[in-house]
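Shown next, in structure tokens, is the structure this report addresses.
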Amino acid sequence: MRSSDDEEAAGEVVRATAQLIRRAWALLGEATLRPPLRSDQLSRLLVLTRTRLCEFPFQSRTLGMAIPWGAQEHAILIDRTAARADYAFTLRHELAHVLAGEVSHALFLATADTLSYSERRADLFAIADLVPARMLTHLRGTGRRWSVLELEVQQAFRELTGGWSAQRVQDRAALRVRLFREHGL
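Add 46 to the 1-based position in the sequence shown for this note's numbering, that's all there is to it.
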């Protein structure tokens, strides 16, 4: 059972993520939210946020990071050898940090940080795009209860995010379903 503090923190992450998604779509000049972002929209967001995308062969388990790049510019560095799903997730995750104005120094994800507000919001931003509302609408339309829907989302995450802890998968699945339930995103 989650405490009321946990519920309140989750609610804030969900609200902030909904705002971040709306901000991204507003930057694109889109009147209607229609995640997932297409490749051309991702490219435009990178240009609009003055963010370069750079690929490198990382010599560690790091998949990506966001760093400042000159005055008022950013770079998202991604391991060019990352699996396609990891690459797509990492790009969106790091873009969320840029959109949130959090890139004043290099950001690295450490295992201990996975439950921080910033990391939960960045994960949820990426997940909302990779597990779009239309998928949840379809699953919900088959009569599944919310708890079953959350289990379905957990399974999708396990397939998209190999290596995540069970706690992180459960937390992000609960956040994803809540974002859909409360904001239709």
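Positions of the beta carbon are idealized from the N, C-alpha and C atoms, including for glycine.
Bear in mind that the values here come from a model prediction, so they are computed numbers and not experimental data.
In this model, E196 and V60 are separated by some 15 angstroms (Cα to Cα). By the beta-carbon neighbour count (other beta carbons within 10 angstroms, threshold 16), L94 is exposed. Per DSSP, P82 has no beta-bridge partner at all. V199 has its alpha-carbon roughly 11 angstroms from the corresponding atom of A179. The three-state reading of DSSP puts R224 in helix, counting H, G and I together. Per the C-alpha coordinates, the member of G189, Y133, L161, S50 positioned closest to L88 is Y133. One Cα belongs to M181, the other to L170, and the distance between them is close to 15 angstroms. Taking a contact as a CB-CB distance under 8 angstroms, the pair V149 and A112 counts as one, their CB atoms being some 5 angstroms apart.
When secondary structure is reduced to three states using DSSP, G116 falls in the coil class, being assigned neither helix nor strand. The C-alpha of L185 lies about 12 angstroms from the C-alpha of F226. Restricting attention to T127, D86, R214, the CA atom closest to the CA of F104 is found in T127.
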